[in-house]
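Using the numbering used here, read the sequence shown as starting at 392 and increasing by one per residue.
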Amino acid sequence: MSSRLVIALLLAGTMLQPATAAVAAAQPVQVRAQYDLSLNGVAIAVMQETFEARDGAYQAVSETHAIGVFALVQRRPGRVTSSGEAGRDGLRPQTFDGTRGTRDPRRVHADFDWAARTLTLSHDGRTETVALPPGTQDRLSVMYQFLFLQKEKLKNLAFAMTNGRKLDHYRYAMGPDTIIDTPLGRLAVVHLVKQHAPGETATEIWLAREHRLMPVKMRIIEDDGERYEQVITQLAIK
Numbered sequence: 392m393s394s395r396l397v398i399a400l401l402l403a404g405t406m407l408q409p410a411t412a413a414v415a416a417a418q419p420v421q422v423r424a425q426y427d428l429s430l431n432g433v434a435i436a437v438m439q440e441t442f443e444a445r446d447g448a449y450q451a452v453s454e455t456h457a458i459g460v461f462a463l464v465q466r467r468p469g470r471v472t473s474s475g476e477a478g479r480d481g482l483r484p485q486t487f488d489g490t491r492g493t494r495d496p497r498r499v500h501a502d503f504d505w506a507a508r509t510l511t512l513s514h515d516g517r518t519e520t521v522a523l524p525p526g527t528q529d530r531l532s533v534m535y536q537f538l539f540l541q542k543e544k545l546k547n548l549a550f551a552m553t554n555g556r557k558l559d560h561y562r563y564a565m566g567p568d569t570i571i572d573t574p575l576g577r578l579a580v581v582h583l584v585k586q587h588a589p590g591e592t593a594t595e596i597w598l599a600r601e602h603r604l605m606p607v608k609m610r611i612i613e614d615d616g617e618r619y620e621q622v623i624t625q626l627a628i629k
């Protein structure tokens, strides 16, 4: 389920990407976060994440554990990892992996070759190579890319993002600042809304201003009306 709750974006106007191939090292940062996941208001899973950027590199890990009746169907936790370069202008992934175990036939993997400008995707027993647009993120790194942004760069936002199976193209617009209630308390947030055609998935993201634009809430409404929400319950940033 968690793969549908992480945001697919594509860089096309204001790009969230390192400006040059060799980026200056970012200030060290460590993040520990936990989210509750729900489907149509019913809790289905808990997601635990860690992120660390240090000495020009980053590593992110996300594990999703099903709860309640969903745990009877999905007993193995989902694990997603992303690693690559980290600079003052953001993240540049090198590898991405998603699996529910070493023998998981649904395992996905992506290798980013920035020199050759190619992205190699491995899934369902096959491998394919596609062109790698500047600034491409994976579905985990994209959530931590916000930590490196200035708010003004969010006004006209677009990303390239891969989930290990394909490369998607999305654009987001920034709505008025607002305040939302979360398990962490009331938070002033930046509200991003996915620009989509009728019948396409609708997505919203809320970024906490006082927590370096860390995503604290996400909502996805599928074309069939199913509503997924991801809400932060614990957060520590160093």
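Just so you know, even glycine gets a beta-carbon here, dropped at the ideal spot from N, CA and C.
Residue range V499 to D504 is occupied by the beta strand (DSSP E) that includes V499.
Here H582 is bridged, per DSSP, to W597. The segment 555-562 and the segment 428-442 do not touch, with fewer than three beta-carbon pairs separated by less than 8 Å. A distance of 8 Å or more separates the beta carbons of V584 and A599. Boundaries for Q536: no beta strand (DSSP E) harbours it, while the alpha helix (DSSP H) harbouring it runs S532 to Q536, taken from the DSSP string. Within its own chain, the residues whose Cβ lies closer than 6 Å to the Cβ of P524, once the five positions on either side in sequence are excluded, are A551, listed in chain order. DSSP places A462 within a helical segment (H, G or I) once states are collapsed to three. For L545, the closest C-alpha among the options V580, A507 and R445 is that of V580. Sequence-distant partners of L626 (beyond 5 residues in either direction) whose C-beta falls short of 7 Å from its own C-beta, in its chain, are A424, L575, H602 and M605.
Contact annotation: the segment 508-519 does not touch the segment 466-476, with fewer than three C-beta pairs closer than 8 Å.
One Cα belongs to K542, the other to Q528, and the distance between them is close to 19 Å.
Relative to D504, the option among R517, D559 and A522 whose CA is nearest is A522. Around the CB of I596, 16 or more other CB atoms lie within 10 Å, so the residue is classed as buried. In the structure shown, K546 adopts coil according to DSSP, grouped into three states. At a Cβ-Cβ threshold of 8 Å, T573 and I623 count as neighbours. DSSP places H587 in the coil class of the three-state scheme, outside both helix and strand.
DSSP places P484 in the uninterrupted beta strand (DSSP E) bounded by G481 to T490.
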